[in-house]
Amino acid sequence: MDMGRTPQAAARSALYPPLPAGTRPLRVVALVDRTQVPAWLAAALAGLGEGGAAELVALAAVRTGRPPRGSRLFDAYLRLDMRFAGAMGAVHASRDLAALLPAVPRHAWRAASDAPLELDAEAAAELARLSPDLVLSFGLALPATKLAAMATHGVWSFGRDATDPMRAAFWMFAAFDRGEAVTPGGLGVHRSDRGRWELLEASVGSTALLSHARNRAYQLQKTPALLRRALRRLALGEEPEARPLPAAHAPDGMSCVALALRLLVRAADRHLPRLGKIEHWYLLWRQSSARLDPQAPGVEGFQRLDPPLGAFWADPCAYVHEGRRAIFVEELDYASGRGHISAIEPDADGAHRSGVVVKAACHLSYPRVFAWRDQLYLTFEAALERRLPLWRARRFPYEWEPVADLLRGYRMVDGTLHEEGGRWYLFVCVAETPFDDGGREWNELFLFHADSPLGPWLPHARNPIVADVRSARPAGGLFRHRGRLIRPAQDCGPDYGYRIVFQEVLELSPERYAERPLGALAPDWQPGLRGCHTYSVHDDLEVLDVKLLAPRRYARPARKAGDGRSPA
Numbered sequence: 101m102d103m104g105r106t107p108q109a110a111a112r113s114a115l116y117p118p119l120p121a122g123t124r125p126l127r128v129v130a131l132v133d134r135t136q137v138p139a140w141l142a143a144a145l146a147g148l149g150e151g152g153a154a155e156l157v158a159l160a161a162v163r164t165g166r167p168p169r170g171s172r173l174f175d176a177y178l179r180l181d182m183r184f185a186g187a188m189g190a191v192h193a194s195r196d197l198a199a200l201l202p203a204v205p206r207h208a209w210r211a212a213s214d215a216p217l218e219l220d221a222e223a224a225a226e227l228a229r230l231s232p233d234l235v236l237s238f239g240l241a242l243p244a245t246k247l248a249a250m251a252t253h254g255v256w257s258f259g260r261d262a263t264d265p266m267r268a269a270f271w272m273f274a275a276f277d278r279g280e281a282v283t284p285g286g287l288g289v290h291r292s293d294r295g296r297w298e299l300l301e302a303s304v305g306s307t308a309l310l311s312h313a314r315n316r317a318y319q320l321q322k323t324p325a326l327l328r329r330a331l332r333r334l335a336l337g338e339e340p341e342a343r344p345l346p347a348a349h350a351p352d353g354m355s356c357v358a359l360a361l362r363l364l365v366r367a368a369d370r371h372l373p374r375l376g377k378i379e380h381w382y383l384l385w386r387q388s389s390a391r392l393d394p395q396a397p398g399v400e401g402f403q404r405l406d407p408p409l410g411a412f413w414a415d416p417c418a419y420v421h422e423g424r425r426a427i428f429v430e431e432l433d434y435a436s437g438r439g440h441i442s443a444i445e446p447d448a449d450g451a452h453r454s455g456v457v458v459k460a461a462c463h464l465s466y467p468r469v470f471a472w473r474d475q476l477y478l479t480f481e482a483a484l485e486r487r488l489p490l491w492r493a494r495r496f497p498y499e500w501e502p503v504a505d506l507l508r509g510y511r512m513v514d515g516t517l518h519e520e521g522g523r524w525y526l527f528v529c530v531a532e533t534p535f536d537d538g539g540r541e542w543n544e545l546f547l548f549h550a551d552s553p554l555g556p557w558l559p560h561a562r563n564p565i566v567a568d569v570r571s572a573r574p575a576g577g578l579f580r581h582r583g584r585l586i587r588p589a590q591d592c593g594p595d596y597g598y599r600i601v602f603q604e605v606l607e608l609s610p611e612r613y614a615e616r617p618l619g620a621l622a623p624d625w626q627p628g629l630r631g632c633h634t635y636s637v638h639d640d641l642e643v644l645d646v647k648l649l650a651p652r653r654y655a656r657p658a659r660k661a662g663d664g665r666s667p668a
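Here the sequence shown stands for residues 101 to 668, where the numbers follow the working numbering.
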């Protein structure tokens with residue numbers, strides 16, 4: 101069925117529970133060394149009041165001296181590297197705070213001393229009159245004791261380089277320099293009340309190994325959301341989650357040369373194997389009473405199911421209804437670059453028939469089928485339309501009709517419903533950022549709950565429940581194995597959809613969530629495989645998807661019907 105054109109939803113679904121009645125917003129004063137700042141910082145201050153946990157009561161530009169710079173060679177590298185940020189360069193772009201925050205009172209203050217930062221008498225008196233709960237400091241030295249004592253929660257300093265597009269959040273450089281698969285993210289701040297540097301609202305994201313600027317942008321784009329979360333905790337009387345801030349040191353001249361050589365090797369490792377190739381997905385399936393063991397998963401007994409030439413099959417969902425077995429998939433057409441939802445009915449001898457289920461002008465993927473009150477329902481991903489649709493079966497498996505949108509207003513991927521203890525839960529990764537996230541929606545898992553799959557869906561008390569690219573993104577529906585509730589998840593650290601990790605759910609309620617890793621299925625059972633990222637089981641039907649690099653000719657449609665095959 102064709103979805104036609106659906107307008108974007110006007111209202112956004114709530115990602116967090118409402119604040120308790122009577123919660124007083126924190127009074128926040130922002131200090132900056134300049135009013136032209138990177139876009140991520142501007143967005144953080146502009147969105148600080150969303151959710152009602154805080155209000156920006158004043159913005160003050162404080163004149164101080166400039167911090168010392170590092171080696172000229174490294175500065176040259178940083179300038180060159182900014183060109184490789186691509187579309188993510190928008191995160192570093194310069195913005196004028198005066199134009200962006202016209203309703204916020206602005207001040208021009210003088211510093212009595214630069215290091216530590218101390219305001220002159222007139223500025224200190226004005227700050228005292230504002231009675232701040234918290235002072236945020238960007239581009240300035242750490243505060244003197246007297247300045248820190250003027251706010252209830254002291255001063256959160258983001259560092260001398262926070263307003264510098266090339267040097268902000270330099271602590272991320274260590275993971276990039278070492279070529280690690282993942283980079284720690286969060287708010288890197290010095291808390292005057294703690295007297296140390298900390299990483300607040302910490303997360304783990306995949307590393308952009310070829311560009312430090314791009315890698316920082318992937319993390320810094322989340323600063324507006326992370327700051328609101330930290331302030332929300334503070335307003336509720338909680339302590340923001342904190343970890344030690346990673347240390348990083350600017351390289352000297354010889355180290356810059358060594359870094360350049362490593363980047364060349366990384367570029368060759370990434371791009372040379374892809375020359376003349378495309379990423380291609382196919383399926384493995386079996387019909388059996390046996391079950392994959394999430395503690396020691398393997399693919400013994402599975403058989404291969406190939407898409408036709410010109411397409412790939414991914415995101416499988418197994419479902420058996422009245423003896424009819426179907427595998428719902430994202431079927432991506434290489435020519436258009438868009439996916440649609442198809443259903444495949446496999447036979448034990450390897451033959452199958454298939455048909456289109458839902459098609460639209462935008463990319464669709466990750467179909468999930470479930471039953472409720474004797475009816476079958478289907479959800480699928482429509483991230484570009486910023487909504488999570490719910491459809492109902494008219495005739496299984498090929499005919500469906502729209503019912504509602506479960507969530508709206510964000511780029512959301514891999515929505516997965518599950519019923520537990522008479523309550524419905526919805527797991528979904530959400531891109532909570534004002535920027536184009538560059539396809540990094542997989543870093544944070546949000547949870548919602550409702551009385552029925554029709555909603556209304558309420559945000560979980562601990563959102564996001566997972567903030568780690570190695571286990572956040574769903575990899576299929578939850579299932580039980582030997583009494584344990586298992587959540588399949590993706591490890592996208594080394595690469596998108598690299599492997600499936602099986603998480604045992606220990607606690608699941610509207611207020612609490614906890615899980616622990618059991619085992620992982622990596623694409624190591626055959627040479628040349630690059631990933632596996634979805635597993636599904638229903639009744640006696642099991643299926644998973646597999647990724648490899650295939651010759652580009654497989655992107656061309658078959659000339660004759662029945663000529664579909666995939667590379668070995």
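Using N, Cα and C, we set each Cβ at its ideal position, and we do this for glycine too.
Where DSSP assigns a beta bridge to glutamine 395, which residues make up the other side? Taking the sequence shown and counting its residues from 1, the one referred to as residue 395 is at position 295. In the DSSP output, where bridge partners are listed per residue, glutamine 395 has none listed.
Phenylalanine 402, DSSP secondary structure in three states: Within the sequence shown, numbered from 1, the residue matching residue 402 stands at position 302. Phenylalanine 402: coil per DSSP, three-state reduction.
Return helix, strand or coil for threonine 106, following the three-state DSSP convention. Here the question's residue 106 lines up with position 6 in the sequence shown. Residue placement at threonine 106 is poorly supported in this model, since its pLDDT is 40, which falls under 50; the coordinates still yield a value, given next. Coil.
Roughly how many angstroms separate the alpha carbons of proline 657 and proline 167, rounded to a whole number? Walking along the sequence shown from the start, residue 657 turns up at place 557. Walking along the sequence shown from the start, residue 167 turns up at place 67. Distance between the alpha carbons of proline 657 and proline 167: 59 Å.
Pick out whichever of Val357, His633, Arg453, Pro324 has its Cα sitting closest to the Cα of valine 191. Translated into positions along the sequence shown, residue 191 becomes position 91. Valine 191 has its Cα closest to that of Pro324, out of Val357, His633, Arg453, Pro324.
Using DSSP with H/G/I as helix, E/B as strand and the rest coil, what is arginine 316? Numbered from its first residue, the sequence shown carries residue 316 at position 216. In the structure shown, arginine 316 sits in a helix (DSSP, three-state: H, G or I).
Rounded to whole angstroms, what is the Cα-Cα separation between valine 132 and serine 571? For the purposes of this step, residue 132 is identified with residue 32 of the sequence shown, where counting begins at 1. For the purposes of this step, residue 571 is identified with residue 471 of the sequence shown, where counting begins at 1. Rounded to whole angstroms, valine 132 to serine 571 spans 37 Å at the Cα level.
To the nearest angstrom, report how far apart leucine 507 and tryptophan 557 are at their CA atoms. Numbered from 1 along the sequence shown, position 407 holds the residue referred to as residue 507. Numbered from 1 along the sequence shown, position 457 holds the residue referred to as residue 557. Distance between the alpha carbons of leucine 507 and tryptophan 557: 8 Å.
With a cut-off of 8 Å on the beta carbons, I'd call leucine 234 and valine 137 a contact; round off their distance for me. Within the sequence shown, residue 234 is the residue found at index 134, counting from 1. Within the sequence shown, residue 137 is the residue found at index 37, counting from 1. Leucine 234 to valine 137, Cβ: 19 Å. No contact.
Own chain residues within Cβ distance below 7 Å of alanine 187, not counting five before or after: For this step, residue 187 is matched to residue 87 along the sequence shown. If we look at alanine 187 and ignore the five residues flanking it on each side, its Cβ neighbours are Asp536, Gly538.
Pick helix, strand or coil for lysine 246, following the three-state DSSP scheme. Taking the sequence shown and counting its residues from 1, one reaches residue 246 at position 146. If DSSP states are grouped into helix, strand and coil, lysine 246 belongs with the helices.
For arginine 665 and leucine 648, what's the separation of their Cα atoms in angstroms? Along the sequence shown, read from residue 1 onward, the residue named residue 665 stands at position 565. Along the sequence shown, read from residue 1 onward, the residue named residue 648 stands at position 548. Any answer about arginine 665 is weak, because its pLDDT of 47 lies below 50 and its placement is not dependable; what the coordinates show is given next. Spanning the two alpha carbons is a distance of roughly 14 Å.
Need the endpoints of the alpha helix (DSSP H) that arginine 523 sits in, please. Stepping through the sequence shown from its first residue, residue 523 is reached at position 423. It is not in any alpha helix (DSSP H) - arginine 523 instead sits in the beta strand (DSSP E) that spans 523-531.
Pick out the complete beta strand (DSSP E) segments inside the stretch 244-282, 3 residues or longer, and give them in chain order. 255-257
Please list the terminal residues of the continuous beta strand (DSSP E) segment that includes glutamate 541. Here residue 541 is taken as the residue at index 441 of the sequence shown, counted from 1. Per DSSP, glutamate 541 belongs to no beta strand (DSSP E) and is neither H nor E.
Using only the alpha-carbon positions, how far apart do alanine 561 and glutamine 395 sit? Residue 561 sits at position 461 when you count from the first residue of the sequence shown. Residue 395 sits at position 295 when you count from the first residue of the sequence shown. About 29 Å.
Check whether the stretch 222-229 touches the stretch 245-260, taking contact to mean three or more Cβ pairs, one atom from each stretch, closer than 8 Å. yes
Alanine 193 to proline 340, Cα distance in whole Å? Position 93 of the sequence shown, counting from 1, holds the residue named residue 193. Position 240 of the sequence shown, counting from 1, holds the residue named residue 340. About 28 Å.
Note down the Cα distance separating leucine 219 from alanine 414, rounded to an integer number of angstroms. Taking the first residue of the sequence shown as 1, we reach residue 219 at position 119. Taking the first residue of the sequence shown as 1, we reach residue 414 at position 314. C-alpha separation (whole angstroms): 59 Å.
How is cysteine 417 classed by DSSP in three states: helix, strand or coil? Along the sequence shown, read from residue 1 onward, the residue named residue 417 stands at position 317. Strand, per DSSP.
Counterpart residues of tryptophan 557 in DSSP-defined beta bridges: By 1-based counting over the sequence shown, the position of residue 557 is 457. Per DSSP, none; premise fails for tryptophan 557.
State the beta-bridge partners of histidine 518 as determined by DSSP. For the purposes of this step, residue 518 is taken as residue 418 along the sequence shown, with counting starting at 1. Tyr525, per the DSSP bridge assignment.
Can you tell me whether methionine 674 is buried or exposed? The criterion is at least 16 other CB atoms within 10 Å of its CB, across all chains shown. Given a span of 101 to 668 for the chain in the structure shown, any question on residue 674 remains unanswerable.
Contacting residues, own chain, Cβ-Cβ under 6 Å from threonine 252 (five flanking each side not counted): Working through the sequence shown from its first residue, we reach residue 252 at position 152. Within the same chain, threonine 252 has close Cβ partners Asp233.
Please say whether glutamate 445 and serine 454 have beta carbons closer to each other than 9 Å? Start at 1 with the first residue of the sequence shown, and residue 454 comes out as number 354. Start at 1 with the first residue of the sequence shown, and residue 445 comes out as number 345. In contact: serine 454 and glutamate 445 (Cβ atoms closer than 9 Å).
Simplified DSSP state of threonine 323, which is helix, strand or coil: The count along the sequence shown starts at 1 and reaches residue 323 at position 223. Correct three-state label for threonine 323: helix.
Within the same chain, show all residues whose beta-carbon is closer than 8 Å to that of threonine 123, passing over the 5 residues directly before and after it, in chain order. Here residue 123 refers to the residue found at position 23 of the sequence shown. Only Gly152, Ala153, Ala335, Leu336 meet the Cβ criterion.
Per DSSP, valine 513 forms a beta bridge with which residues? Along the sequence shown, one-based indexing puts residue 513 at 413. Paired residues: Cys529.
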